[in-house]
Amino acid sequence: MSEHAKVPADEEASEEESDESEQAPVTTGAQSVVRALENAGAEYIFGVQGGAIMPVYDALYDSDLNHVTMAHEQGASHAADAYGIVTGKPGVCFATSGPGATNLVTGIADANMDSDPMIALTGQVPTEFVGNDAFQETDTVGITQPVTKESYFAADSDTVGDNVGEAFALADAGRQGPTLVDLPKDITQGETDVEPSEPTTPDTYEVQEEADDAAVQEAAEALAAADRPVILSGGGVIKADASSALREFAMEYEIPVITTMPGIGSFPEDHELSLEWAGMHGTGYANMAISNTDCLLAIGTRFDDRLTGGVDSFAPDAEVIHVDIDPAEISKNIYADYPLIGDARKVLRQLFDAMPRVPDVDEWREQCQTWKDEYPMTYDTPDDEPLKPQYVVEKFSDMTPDDTIVCTGVGQHQMWASQFWEYTEPRTWVSSHGLGTMGYGVPAAIGAKLAAPDQEVVCFDGDGSFLMTVQGLSVAVREQLDITYVVLNNEAVGMVRQWQDGFYEGRRMASEYPWIPQFDKLAEAFGARGFRLEAQEDVEETIEAAREYDGPSVIDAHIDPGENVFPMVPSGGDNGRFALQEDHLEEL
Amino acid sequence: MTGGMPGPSPHDRMHPKGRRNKQGIRIDPEAEVTHEPRQAVLSALVKHKPGVLSEVSALFSRRQFNIESLTVGPTVDDDTARMTILIEEPEPGIDQAKKQLRKLVPVIEVTELDPTAVRRELALIKVGGEKPDDVNAVAEMYDGQAVDASTDSVTVEITGSKQKIDAAVEAFKQFDVQEVVRTGAAALERGPKTLEKHD
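Protein sequence lines, in the order shown, are assigned to chains B and E. Under my numbering, residues 3 to 590 are what the first sequence spells out, in order. Under my numbering, residues 192 to 390 are what the second sequence spells out, in order.
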């Protein structure tokens, strides 16, 4: 990180005025870009230098913005994504043109699927070369348009700052998501004395914040009259900072709450109304409740197929009340009988006030409790050997404060981390849901730790997933980030292997990784602390040692390679027909 | 392989009676309804700037909406362009197409035109030049006219509904059709109603 000299502020002047007096007027497009980010309240930039983005980096030299050099652009976009999840404000990432920009794309697509606020700025070849297949040229706007809220091509040094401001504001507005501004080198190098204006969303972008009152009233009546109501809380509840409104609502009206996987943390999992999360690897009780409900209040969820299974069998008896800020999500996958378009926090308030009474659902809650007793989230520990991944997660959860942030890669370890950690707070679960990006964990933990330096950060990863972005460890070491990485190592891409065993007659093509490195030693090579964990009796001690180490540490936990993830709803299946063990899959 | 988790097996569980169709709509046991595809004419006002057409057409392609035709041209306002998009989809798909289209940042306004809206398509049909009088006679039957003629070919212009142009192309096949170019439909609502936004 470069050091920045700070001019002492004039004590007489107000803070705001002194800030303005410090700022030299912009002279180039690049300075205007940086000024726009400052105006928008950016704090960290995750990026990698390069030819076409160099003028912007040069302008950063004189700025107070913190730049974190990543080891790969994919890491830059994942770190920015995680920063956005934890803070609620757009994370910022930079890359140069061509390969720099294409390397960012995975992280942008990931943010797009999960509606995470993010702005990506990419260098581009000078305007006169655009379209000529110049060195390190790609059509970045064309490549990223399908995976952003909007991609901008900056065409003028005088307006480039406004492009960036607008992109930043748009990333944060309404349904959050990623935006991109492509910056040709001549535009950022070009002279300008135009200061960017305050970031505003484009005039064609309209967001409806409150739902129609009459519609809210109808939905409230339906919910109050239901015999078997359930609240389904999605990632949008966290994005809208509606977790406390949700808690109040559910507790006042005593309605059981299920979350989606991105909605983890929106409702405390230790509360008696919580059924935890539903979907392919969700709890048995959540899936039973969602299959049998007669009124589903779904908030901030897009009914992804990992949640619904086959749509024909999803909550088949339920009238659906769907709250979403994006009208295009209404009846996209599951038909909404009561669509309520608006901000989750505001609509929950409206619904709270409109409810005619507390629904009479004692029997239903008892039924849900019965399912909790019938399908407990446990695992088999015949002789505690070999090491069980669930045990590692559970133990770690017990040892850490409630606001500990859990990041993950993608695979079996991600499921165990979501099933066996107890989440009680929003913005403590940082994972790749919609895109399912292996390799998300290492850089995401970096973004999360910088976003919340006072909170403990742990990253559960798999050996396959960890290996995809392991170079990010060098960044964690350089920045001295206190992150504990736990690799649940089963020498395989375990989820693939599980599917091969379940659905491909055990033909384990390209899923076993007996050649992977020793991650504890690899960690040491990077300058982090490494631990090897093999026995259950060492779990507590190893976790404690890793937590105590002030800097990044890696626990290479060699787990039972035979352990698989259950419960499981087969792809496209019926949520009420989950498998609790291998041989159930054959019945389904 | 490990044992898994405790609990009743899949077939010993309470199970609901209801069902949804493939469009996620709850099926009324009395009347099972699946929406059949229908044709819809969408009219969209968009910002007149580079890349808008690709943004719109890419949206339709990645969402797998089947476009019958798409026309675009400037309006009286230099900053806006207007697109007429014909799609054939079941009801939920049409609704989704409108919402997704409205979500695009450069899109100002979207509406589905009434089935009675004025719809016109232009076709240029180049046929062999051996029988220019007969070609002219057929063109007149379709309110068309020859716009270019040489010793080897005659080019005829026809304007009208898609059905009329389909019929005309069919009729001209007797004269050895060499080339056809069609614009796709442009459409406007009848009466005083407009799509322009008034502040």
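By construction, the Cβ of each residue, glycine as well, lies at the ideal position given by its N, Cα and C atoms.
Anticipated Cβ contact below 8 Å, residue i with residue j, distance rounded
| i | j | result |
| --- | --- | --- |
| Thr140 of chain B | Gly31 of chain B | With 8 Å as the limit, Thr140 of chain B and Gly31 of chain B do not qualify as a contact, their Cβ atoms being about 21 Å apart. |
| Ser513 of chain B | Val495 of chain B | 5 Å |
| Gln457 of chain B | Thr406 of chain B | 7 Å |
| Gly76 of chain B | Thr471 of chain B | Correcting the residue type first, residue 76 of chain B is Gln in the shown sequence and not Gly. Yes, Gln76 of chain B and Thr471 of chain B are in contact; Cβ-Cβ is about 7 Å, under 8 Å. |
| Val371 of chain E | Ala314 of chain E | 6 Å |
| Gly236 of chain B | Pro264 of chain B | 6 Å |
| Lys151 of chain B | Pro180 of chain B | 7 Å |
| Gly49 of chain B | Cys95 of chain B | 6 Å |
| Ala228 of chain B | Asp296 of chain B | 5 Å |
| Glu380 of chain E | Asp305 of chain E | 6 Å |
| Val149 of chain B | Asn105 of chain B | Val149 of chain B to Asn105 of chain B, Cβ: 14 Å. No contact. |
Neighbourhood of residue i by C-beta, 7 Å cutoff - its chain only, sequence neighbours within 5 removed
| i | result |
| --- | --- |
| Val541 of chain B | Tyr393, Val394, Lys397, Leu535 |
| Ala291 of chain B | Val232, Pro258, Ile260, Leu277, Cys370, Trp373 |
| Val209 of chain B | Ala175, Gly176, Ile327 |
| Tyr381 of chain B | Lys390, Gln392 |
| Asp413 of chain B | For the sequence presented, residue 413 of chain B should be read as Gly rather than Asp. For Gly413 of chain B, where only same-chain residues beyond five positions count, the Cβ hits under 7 Å are Met440, Gly464, Gly466, Ser467, Val495, Gly496, Met497. |
| Ala377 of chain E | Thr262, Thr275, Arg311 |
| Thr374 of chain E | Thr262, Glu312, Leu313 |
| Ser341 of chain E | Gly320 |
| Pro92 of chain B | Gly86, Pro119, Met120, Ile121, Phe170, Ala173, Asp174 |
| Ala136 of chain B | Val127 |
Residues that DSSP places opposite residue i in a beta bridge
| i | result |
| --- | --- |
| Gly322 of chain E | Note that residue 322 of chain E corresponds to Lys in the displayed sequence, not to Gly. BP columns for Lys322 of chain E are empty, so no partner. |
| Ile557 of chain B | B:Val488, B:Phe533 |
| Ala226 of chain B | In the DSSP output, where bridge partners are listed per residue, Ala226 of chain B has none listed. |
| Asn68 of chain B | B:Tyr46 |
| Cys409 of chain B | B:Val432, B:Cys461 |
| Tyr85 of chain B | DSSP output for Tyr85 of chain B lists no bridge partner at all. |
| Lys395 of chain E | The displayed coordinates of chain E run from 192 to 390. Any statement about residue 395 of chain E would go beyond what the structure contains. |
| Trp279 of chain B | B:Thr261 |
| Glu280 of chain E | E:Arg229 |
| Leu295 of chain E | Looking at the DSSP assignment, Leu295 of chain E forms no beta bridge with any residue, so it has no partner. |
| Thr129 of chain B | DSSP, once it has assigned bridges, lists no residue as partnering Thr129 of chain B. |
Residues near residue i in its chain [Cβ-Cβ closer than 6 Å; skip 5 each side]
| i | result |
| --- | --- |
| Thr225 of chain E | Asn212 |
| Asp522 of chain B | Gly532, Phe533, Arg534, Asp558 |
| Asp153 of chain B | A quick correction: the sequence has Ser, not Asp, at residue 153 of chain B. Cβ neighbours of Ser153 of chain B beyond the five flanking positions: Val143, Thr146, Gln147, Leu182. |
| Ser399 of chain B | Trp423, Glu424 |
| His80 of chain B | Gly109, Tyr442, Pro445, Ala446 |
| His560 of chain B | Asn491, Glu536 |
| Val88 of chain B | Arg429, Ala450, Ala453, Ala454 |
| Trp418 of chain B | Pro391, Gln392, Val395 |
| Val368 of chain E | Val318 |
Sequence-distant residues of the same chain with beta carbon closer than 8 Å to residue i, five excluded per side
| i | result |
| --- | --- |
| Ala218 of chain B | First, the amino acid is wrong: residue 218 of chain B is Val here, not Ala. Leu342, Val349, Gln352, Leu353, Ala356, listed in sequence order. |
| Asn289 of chain B | Ala280, Gly281, Pro569, Val571, Asn577, Gly578, Phe580 |
| Arg359 of chain B | Ala226 |
| Leu587 of chain B | Gly504, Phe505, Met570, Pro572, Ala581 |
| Ile218 of chain E | Gly209, Arg210, Arg211, Asn212, Val224 |
| Ser420 of chain B | Met263, Ile266, Trp279, His283, Thr410, Trp431, Ser433 |
| Thr161 of chain B | Val196 |
| Tyr377 of chain B | Thr285, Gly286, Tyr287, Met290, Pro569, Leu582 |
Distance cut-off 7 Å: residue i Cβ against heavy atoms of the ligand MN
| i | result |
| --- | --- |
| Lys353 of chain E | For the structure depicted, the ligand MN is absent and the ligand set is empty, with no information on it obtainable. |
Next item on the list: Say whether the segment 434-451 of chain B touches the segment 515-532 of chain B, bearing in mind that this needs 3 or more beta-carbon pairs closer than 8 Å, one atom from each stretch.
Entry: no
Note to self: Any contact between the segment 230-247 of chain E and the segment 336-354 of chain B? By contact I mean 3 or more CB pairs, one from each, below 8 Å.
What the structure shows: no
Checklist line | Within 9 Å of chain B by C-beta, residues of the segment 212-226 of chain E in sequence order | finding: Asn212, Lys213, Gln214, Gly215, Ile216, Arg217, Ile218
Next item on the list: Evaluate contact between the segment 250-268 of chain E and the segment 355-365 of chain E, counting only Cβ atoms and requiring at least three cross-stretch pairs below 8 Å.
Entry: no
Margin query: Using a Cβ distance threshold of 8 Å, determine whether the segment 500-511 of chain B contacts the segment 353-368 of chain B, with at least three qualifying pairs required.
Written below: no
Item checked: Contact list for the segment 267-293 of chain E against chain B, Cβ threshold 8 Å -> Pro283, Asp286, Gln287, Lys290, Gln291, Arg293
Notebook entry, point to check: Does the segment 566-581 of chain B come close enough to the segment 311-323 of chain B that 3 or more CB-CB pairs lie under 8 Å?
Noted result: yes
Notebook entry, point to check: At a cut of 8 Å, does the segment 323-340 of chain E reach the segment 293-304 of chain E through at least three beta carbon pairs?
Noted result: no
Note to self: Would the segment 318-332 of chain B count as touching the segment 263-277 of chain B if we require 3 or more Cβ pairs under 8 Å?
What the structure shows: no
Notebook entry, point to check: Are at least three pairs of beta-carbons, each pair with one atom in the segment 560-573 of chain B and one in the segment 245-258 of chain B, less than 8 Å apart?
Noted result: no
Check: Three or more C-beta pairs closer than 8 Å, one from the segment 104-112 of chain B and one from the segment 463-482 of chain B: is that the case here?
Finding: no
Next item on the list: Give, in chain order, every residue of the segment 549-583 of chain B whose Cβ lies closer than 8 Å to some Cβ of chain E.
Entry: Asp562, Gly564, Glu565, Asn566, Phe568, Pro569, Gly578, Arg579, Phe580, Ala581, Leu582, Gln583
Item checked: Within 8 Å of chain E by C-beta, residues of the segment 284-296 of chain B in sequence order -> Gly286, Met290, Ser293, Asn294
Check: Below 8 Å, can you find three or more Cβ-Cβ pairs linking the segment 33-46 of chain B to the segment 56-65 of chain B?
Finding: yes
Check: Per the contact definition of three or more C-beta pairs closer than 8 Å, is the segment 40-47 of chain B in contact with the segment 157-175 of chain B?
Finding: yes
Margin query: With a threshold of 8 Å, are at least 3 pairs of Cβ atoms found where one atom belongs to the segment 279-292 of chain E and the other to the segment 255-267 of chain E?
Written below: yes
Note to self: Can you pull out the residues from the segment 297-326 of chain E whose beta carbon lies closer than 8 Å to at least one beta carbon of chain B?
What the structure shows: Pro297, Val298, Ile299
Next item on the list: Select from the segment 250-263 of chain E all residues with a C-beta closer than 7 Å to any C-beta belonging to chain B, and list them in chain order.
Entry: Arg253
Item checked: Chain-ordered residues of the segment 322-335 of chain B with a beta carbon less than 9 Å from chain E -> Val322, Asp328, Pro329, Ala330, Glu331, Ile332, Ser333, Lys334, Asn335
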